[in-house]
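Colleague: Going by our numbering, the letters in the sequence shown line up with residues 1 to 445, in that order.
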Amino acid sequence: MTVLLQILQVFIALSLLIAIHEAGHFIFARLSGTRVDKFFLFFDAGGIKLFSTKTTGWFTRLFPKMKEAETEYGIGWLPIGGYCKINGMIDESFDIESMRQEPKPWEFRSKPAWQRLLIMLGGVLFNFIFAIMVYIFIMDKWGQSYIPNSESRIYASALAEDLGFRTGDRILDFDGYIPEDFLNLQSDLARRNVNVTTVLRDNDTVRIYMDRSRIGDIVNTPMMFDLAFPFIINDIVPESANSGSGLMPGDRIIAIDSCRTDYFQDAAGILSNCSGETVPVSVLRGRDTLRFNLIISEEGKIGVSLESPYRKKEYNFFQAIPAGLKYSFDTLKGYIQDLKLVFTPKTGAYKSVGSVITIVQVFPEKWNWFRFCHLIAIISIMLGVMNLLPIPGLDGGHAMLLCYEILTGNKPSDKFLIVAQAIGMVLLLALMILALGNDIGRLID
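(1) Output yes if chain D places a C-beta closer than 8 Å to the C-beta of R30; else output no.
(2) Hey, how far is the Cα of P148 from the Cα of P230?
(3) Note down, one range per segment and in chain order, each alpha helix (DSSP H) of at least 4 residues found wholly within the stretch 298-365.
(4) Can you list, in chain order, the residues of its chain whose CB lies under 6 Å from that of F94, leaving out five sequence neighbours each side?
(5) Determine the burial state of C84: buried for a count of at least 16 other Cβ atoms within 10 Å of its Cβ, exposed for fewer.
(6) Assuming F126 is part of the alpha helix (DSSP H), what are its boundary residues?
(7) What residue range does the beta strand (DSSP E) around Y209 cover?
(8) I'd like to confirm the pairing. Which residues does DSSP put opposite L78 in its beta bridges?
(9) With a threshold of 16 other CB atoms inside 10 Å of the CB of Y310, please say whether the residue is buried or exposed.
(10) Spatial neighbours of Y327 within its chain, please: C-beta separation below 6 Å, excluding the five flanking residues on both sides.
(11) Measure the alpha-carbon distance for W77 versus F59 and round it to whole angstroms.
(12) Can you tell which of V342, A158, G74, W114 has its C-alpha closest to the C-alpha of L407?
(13) Return the bridge partner residues of K38 from the DSSP annotation.
(14) Could you give the DSSP three-state label for Y146: helix, strand or coil?
(15) Could you round the C-beta distance between V124 and D395 to whole angstroms and report it? I think they count as a contact, below 8 Å.
(16) Roughly how many whole angstroms lie between the Cα atoms of E68 and D37?
(17) Taking V385 as part of the alpha helix (DSSP H), name the residues at either end of that continuous run.
(18) Just to confirm the assignment, what range does the alpha helix (DSSP H) spanning D175 have?
(19) May I have the straight-line CA-CA distance separating S52 from E70, to the nearest angstrom?
(20) In this structure, how does DSSP classify N220 when only helix, strand and coil are distinguished?
(21) Using DSSP with H/G/I as helix, E/B as strand and the rest coil, what is F273?
(22) Can you name the residues that DSSP bridges to S282?
(23) Between F272 and L227, what straight-line distance do the alpha-carbon atoms span, to the nearest angstrom?
(24) Closest by CA to E161, which one among F363, K111, I218?
(25) Between which two residues does the beta strand (DSSP E) harbouring I233 extend?
(26) Closer than 6 Å by C-beta to G384: which residues in its own chain qualify, once you throw out the five before and the five after it? Chain order, please.
(27) Specify the secondary structure class of A156 as computed by DSSP and reduced to three states.
(28) What do you get for T261, buried or exposed, if any count of 16 or more other CB atoms within 10 angstroms of its CB means buried?
(29) DSSP three-state call for S52: helix, strand or coil?
(30) Can you tell which of S413, I423, A435 has the C-alpha that lies nearest to the C-alpha of V356?
(31) If A377 and A131 are in contact, beta carbons under 8 Å, what's the gap, nearest whole angstrom?
(32) Residues bridged to D226 by DSSP?
(33) Between the stretch 161-178 and the stretch 196-206, do at least 3 Cβ pairs fall closer than 8 Å?
(34) Between the C-alpha atoms of F39 and G74, what's the straight-line distance to the nearest angstrom?
Now the structure itself:
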């Protein structure tokens, strides 16, 4: 049932974002007087349509004038995107026959290059504007949560230790850059191609020289830096078996069953192994060390809650606007840096590329409006950036050729555009196969 909910969320998110993207093309085309033949969510491959304003019987009976409208609006059966068929433009439909006829004033190819450029960039622009609006909404309604890096220490994974980090290190800077949010440490390390990391270890400042040939491992290893979480009690669950044990908020558990527990991660495995038992526990309260016998539940818990490491910035509506713009820009910049890694084969970052399977997995198993809004904003930016890639068949490929035409005054021939579109479709198919292959490989592993 949870997988179905995740699939439903992805379906809603992608449908919305595709419609917004295509609406950008549509609106700029209409503003320039260019005719739009079709506006479809999903592809009507083979002419099979789930809905059409021109052929669906019940709709044409209710709205007979729509049958004669210039644009056909509909829903196709193949849910891998959507499209806006602009009259007189070479696109994925490869309508070569119409291109052999004399250009008409309302066709895309008859418009000035600058108008055609605006039409091609309209979808990307709408994706970015939508993401900004969503982030402004998020900042206004929920604020911004983060974990201050200046107050946090890492719990090193095997990879982190191999690179020279140690549990308890506090990362001070990457090549002079001071990270603010602990949650972004790993991505900052990868994106910035760091040479030297400075950490605070115990009371000493230590410089760690990074092996940049390991950038692929950093990109493809989840949770390289976990938060070293002190086992400090925030509250005791009233109905727990240890509610009358003498534990108090602020107590720090430093040993369980004679095993040292500097951080909560150290305690988790011990508690699991002692499930259902009563064990001695050492607690630091102020400067005093106290000892209690605590009952460990069958789930390996002692019935306490820990203090949250998260901090929250609150914004009113007017403050949310610049905060949302900044967050959008930071997300855009980070995704572009990620793409640079992906297109640098030696990093191995291409192994992290995922298909719709990966997208399904990142959506929550239970409906959560905050997560949903956050994810559609991120995906909207990703969709915008991907469409800007200078690959024929994508908006960026069309825009590149139009910029060439504006700068040189030479318009590429229709034959060249048809060949370029075909090459672009092959490249996009190869990228889809790579993404799907990565996902299948991860599922098998």
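Beta carbons are placed, not taken as given, at the ideal position from N, Cα and C, and that holds for glycine.
This structure is a prediction, so every number in the text was calculated from the model and none was measured.
Modeller: Looking at the coordinates:
(1) The structure shown contains no chain D; it holds only a single protein chain.
(2) Numbered from 1 along the sequence shown, position 148 holds the residue referred to as residue 148. Numbered from 1 along the sequence shown, position 230 holds the residue referred to as residue 230. In this structure, the straight-line span from the alpha carbon of P148 to that of P230 is close to 15 Å.
(3) Segments of the alpha helix (DSSP H) lying fully in the stretch 298-365: 317-342, 356-362.
(4) Sequence index remark: in the sequence shown, residue 94 carries index 94 (1-based). Note that F94 scores a pLDDT of 49, beneath 50, so its modelled location is shaky; the value from the coordinates is reported in the next line. Short of 6 Å from the beta carbon of F94, and not among the five residues preceding or following it, lies no beta carbon of its own chain.
(5) Numbered from 1 along the sequence shown, position 84 holds the residue referred to as residue 84. Its Cβ being crowded by 16 or more others within 10 Å, C84 is buried.
(6) The residue labelled residue 126 in the question sits at position 126 within the sequence shown. Membership of F126 in the alpha helix (DSSP H) is indicated by the continuous run 113-141.
(7) Position 209 of the sequence shown, counted from the first residue, corresponds to residue 209. Per DSSP, the continuous beta strand (DSSP E) segment holding Y209 begins and ends at 204-209.
(8) Here residue 78 refers to the residue found at position 78 of the sequence shown. F43, per the DSSP bridge assignment.
(9) Here residue 310 is taken as the residue at index 310 of the sequence shown, counted from 1. By the 10 Å Cβ count, Y310 comes out exposed.
(10) Within the sequence shown, numbered from 1, the residue matching residue 327 stands at position 327. Result list for Y327: Y135, in chain order.
(11) Mapped onto the sequence shown, residue 77 falls at position 77. Mapped onto the sequence shown, residue 59 falls at position 59. It is roughly 18 Å from the alpha-carbon of W77 to the alpha-carbon of F59.
(12) Here residue 407 refers to the residue found at position 407 of the sequence shown. That would be W114, whose Cα lies nearest to the Cα of L407.
(13) Within the sequence shown, residue 38 is the residue found at index 38, counting from 1. The beta-bridge partner set that DSSP reports for K38 consists of E72, K85.
(14) For the purposes of this step, residue 146 is taken as residue 146 along the sequence shown, with counting starting at 1. Three-state result, Y146: strand.
(15) The count along the sequence shown starts at 1 and reaches residue 124 at position 124. The count along the sequence shown starts at 1 and reaches residue 395 at position 395. Contact between V124 and D395 holds, since their C-beta atoms are separated by about 6 Å, short of 8 Å.
(16) As a first step, residue 68 is located in the sequence shown; it is residue number 68 there, counting from the start. As a first step, residue 37 is located in the sequence shown; it is residue number 37 there, counting from the start. Distance from the CA of E68 to the CA of D37, rounded to the nearest whole angstrom, comes to 12 Å.
(17) As a first step, residue 385 must be located in the sequence shown, where it is residue number 385. V385 -> alpha helix (DSSP H) spans 369-387.
(18) Along the sequence shown, one-based indexing puts residue 175 at 175. Careful: D175 lies outside any alpha helix (DSSP H) and carries neither H nor E.
(19) Within the sequence shown, numbered from 1, the residue matching residue 52 stands at position 52. Within the sequence shown, numbered from 1, the residue matching residue 70 stands at position 70. Straight through space, the alpha carbons of E70 and S52 are spaced by roughly 13 Å.
(20) Against the sequence shown, residue 220 aligns to sequence position 220. In the structure shown, N220 sits in a helix (DSSP, three-state: H, G or I).
(21) Reading the sequence shown from its first residue, position 273 is the one you call residue 273. One detail in the question is off: residue 273 reads as Asn in this sequence, not Phe. Correct three-state label for N273: helix.
(22) Counted from its first residue, the sequence shown places residue 282 at position 282. DSSP output for S282 lists A255, R291 as bridge partner(s).
(23) By 1-based counting over the sequence shown, the position of residue 272 is 272. By 1-based counting over the sequence shown, the position of residue 227 is 227. Correcting the residue type first, residue 272 is Ser in the shown sequence and not Phe. Near 20 Å, if we compare the C-alpha coordinates of L227 and S272.
(24) Within the sequence shown, numbered from 1, the residue matching residue 161 stands at position 161. Comparing Cα-Cα distances from E161 to each of F363, K111, I218, the minimum goes to I218.
(25) For the purposes of this step, residue 233 is taken as residue 233 along the sequence shown, with counting starting at 1. From DSSP, the beta strand (DSSP E) with I233 extends over 233-236.
(26) Along the sequence shown, one-based indexing puts residue 384 at 384. A distance below 6 Å between beta-carbons, with the five flanking residues on each side excluded, links G384 to the following residues of its chain, in chain order: V124, N127, F128.
(27) Residue 156 sits at position 156 when you count from the first residue of the sequence shown. Three-state result, A156: strand.
(28) Mapped onto the sequence shown, residue 261 falls at position 261. Label assigned to T261: buried.
(29) Along the sequence shown, read from residue 1 onward, the residue named residue 52 stands at position 52. Strand at S52.
(30) The residue labelled residue 356 in the question sits at position 356 within the sequence shown. Answer by Cα proximity: A435.
(31) Locating residue 377 in the sequence shown gives position 377, counting from the first residue. Locating residue 131 in the sequence shown gives position 131, counting from the first residue. That pair is a contact at about 5 Å.
(32) The count along the sequence shown starts at 1 and reaches residue 226 at position 226. Y155, per the DSSP bridge assignment.
(33) Flag = yes, the stretch 161-178 and the stretch 196-206 touch.
(34) For this step, residue 39 is matched to residue 39 along the sequence shown. For this step, residue 74 is matched to residue 74 along the sequence shown. When the Cα atoms are used, F39 and G74 turn out to be separated by approximately 6 Å.
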